[in-house]
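First the structure, in the form of structure tokens, and then the observations on it.
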DNA sequence: TACAGAAACTTCAAGTATAAAATATTTTGG
DNA sequence: CCAAAATATTTTATACTTGAAGTTTCTGTA
């Protein structure tokens, strides 16, 4: 067994990982570009807006600002502007937290949830198309392998 | 064989692909965040700057502006600002193209090439660490599978 | 040769992103 | 109880990103 494995020189491991990284980047970028275009053309919205709404849709009671940035892995100050605009559009509301005057909880409105559902359906279709080369098994297998290289982050309470 | 495969309901293919997409996104984002931080802390530069220098390093004769954006798959107008700043830093120069007064060819300076070599070494190490869970075989295998879902783009001449 | 159209690039507006500083509000240790 | 530390968020400065509009410069063709 180790004789078979040794056909790949050990020094090349980091080169193979680098190749994988460049491939991951190329694939996700090309899909992201397509999604961005679709969101723009069909819903007049953007990927970051959709991401925030997707995060909120998973939490009945909403999320605090810092929880959103934790879930989405983007910087804290960034969320403010996106939430501001979604709020202007009536897609979500900021609810003040009873015991803590610093924090506010962000929640989708009914309108926001309905809009998100429409977008999510389309989104799933776009992804299924973009990753159409993968069978369910392949998708599942790669997902699981990628699962290992994970750095867990703060979770919403 | 098809009996074994049929354990996975067909309707779930798009769900599996969606899961794969979300995993790809999470993985690449988390690695990108780490890289950004490293570039900042150790070289005082940014990922987009590194990307541009990496592209240029592969072409002895440099690249035209539109070729850079083609290779990196980012929008045309975007490159202008990045190249401006790299030029201010002396990492690259714009050389006018003899027959065409519209175009200019961008080329790394000696200083820029040396700096890029240092950065590229560190970069490879960071990636090897971030993708440390993958053996060379795994990395190679996943790279190849991802290779199929590709949309080719214009190449430099 | 004239000139419409293409090409290369820059500029622009709006939005997104980060890190760091500022503000306001708890919470905690003495 | 109170100053110091921690927490939640916003603000600020700078950079990056896109798509679209604008400028200048070719190029093909009538």
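Residue numbers (our numbering), protein chains in the order written: chain A, 47 to 203; chain B, 47 to 203. Glycine included, each C-beta is placed from N, C-alpha and C at the ideal position. Being a predicted model, the structure only gives us computed values, none of them experimental.
Check: CB-CB under 8 Å to residue 180 of chain A, same chain, minus the five flanking residues each way: which ones, in chain order?
Finding: Residues 188 of the same chain have their beta carbon placed closer than 8 Å to that of residue 180 of chain A, with the five preceding and five following residues left out of the count.
Margin query: Let me confirm a value: residue 198 of chain B is counted as buried when at least 16 other C-beta atoms fall within 10 Å, else exposed. Which label applies?
Written below: Its pLDDT being 42, under 50, residue 198 of chain B is placed unreliably by the model, and the measurement read from it follows with that caveat. Of the residues assessed, residue 198 of chain B falls on the exposed side of the cut-off, its CB having fewer than 16 other CB atoms within 10 angstroms.
Checklist line | Endpoints, alpha helix (DSSP H) assigned at residue 97 of chain A | finding: Judged by DSSP secondary structure, residue 97 of chain A falls within the alpha helix (DSSP H) whose first and last residues are 93-103.
Notebook entry, point to check: Does the segment 92-106 of chain B come close enough to the segment 114-122 of chain B that 3 or more CB-CB pairs lie under 8 Å?
Noted result: Contact check between the segment 114-122 of chain B and the segment 92-106 of chain B: three or more CB pairs, one atom from each, fall below 8 Å, which counts as touching.
Note to self: Within 7 Å of any Cβ in chain B, is that where the Cβ of residue 62 of chain A sits?
What the structure shows: At least one CB atom of chain B sits nearer than 7 Å to the CB of residue 62 of chain A.
Notebook entry, point to check: Between residue 150 of chain B and residue 111 of chain B, what straight-line distance do the alpha-carbon atoms span, to the nearest angstrom?
Noted result: Near 7 Å, if we compare the C-alpha coordinates of residue 111 of chain B and residue 150 of chain B.
Margin query: Along the chain, where does the beta strand (DSSP E) containing residue 146 of chain B start, and where does it finish?
Written below: Looking at the DSSP string, the run of the beta strand (DSSP E) that includes residue 146 of chain B is 146-154.
Notebook entry, point to check: Applying a beta-carbon distance threshold of less than 8 Å, which residues of chain B neighbour residue 59 of chain A?
Noted result: Result: 174, 181, 182, 185.
Margin query: Taking the straight line between their C-alpha atoms, what separation do you get for residue 139 of chain A and residue 160 of chain A?
Written below: Cα atoms of residue 139 of chain A and residue 160 of chain A: separation of roughly 15 Å, rounded to the nearest angstrom.
Item checked: Classification of residue 98 of chain B by the beta-carbon crowding that lies within 10 angstroms, buried from 16 upward -> By the C-beta density criterion, residue 98 of chain B is buried, having at least 16 other C-beta atoms within 10 angstroms.
Next item on the list: Please name the residue in B:143, B:114, B:158 whose C-alpha comes closest to that of residue 134 of chain B.
Entry: Per the Cα distances, B:158.
Notebook entry, point to check: At a Cβ threshold of 7 Å, is residue 106 of chain B touching chain A?
Noted result: No, residue 106 of chain B lies away from the interface with chain A (no Cβ there is under 7 Å from its Cβ).
Next item on the list: Give the secondary structure of residue 203 of chain A by DSSP, where H, G and I count as helix, E and B as strand, and everything else as coil.
Entry: Note on residue 203 of chain A: pLDDT 36, under 50, position unreliable in the model; no value is reported.
Next item on the list: Please name the residue, chosen from B:63, B:90, B:172, B:83, that lies closest to residue 132 of chain B on a Cα-to-Cα basis.
Entry: Closest in C-alpha terms to residue 132 of chain B, from the list B:63, B:90, B:172, B:83, comes B:90.
Check: Does the Cβ-Cβ distance between residue 5 of chain A and residue 73 of chain B come in under 7 Å?
Finding: This structure cannot settle anything about residue 5 of chain A, because the visible part of chain A is limited to 47 through 203.
Note to self: I'd like the list of long-range same chain contacts for residue 200 of chain A, defined as Cβ closer than 6 Å, with 5 residues on each side in sequence excluded.
What the structure shows: Unreliable positioning characterises residue 200 of chain A in this predicted model, as indicated by a pLDDT of 37, which lies under 50. A coordinate reading is not provided.
Margin query: For chain B, check one thing: does any of its Cβ atoms lie closer than 7 Å to the Cβ of residue 188 of chain A?
Written below: Output row for residue 188 of chain A: interface = yes.
Checklist line | Residues, ordered as in the chain, of the segment 63-78 of chain A that lie near chain B by beta-carbon distance below 9 Å | finding: Those residues of the segment 63-78 of chain A that come within reach of chain B (Cβ to Cβ, closer than 9 Å) are 63, 64, 65, 66, 67, 68, 69, 70, 71, 72, 73, 74, 75, 76, 77, 78.
Check: Within 7 Å (strictly less), CB to CB, does residue 170 of chain B reach chain A?
Finding: Yes, contact with chain A.
Check: Would you say the beta carbon of residue 187 of chain A comes nearer than 6 Å to a heavy atom of the ligand MG?
Finding: In the structure shown, the ligand MG is absent, as is every other ligand, since no ligand is present at all.
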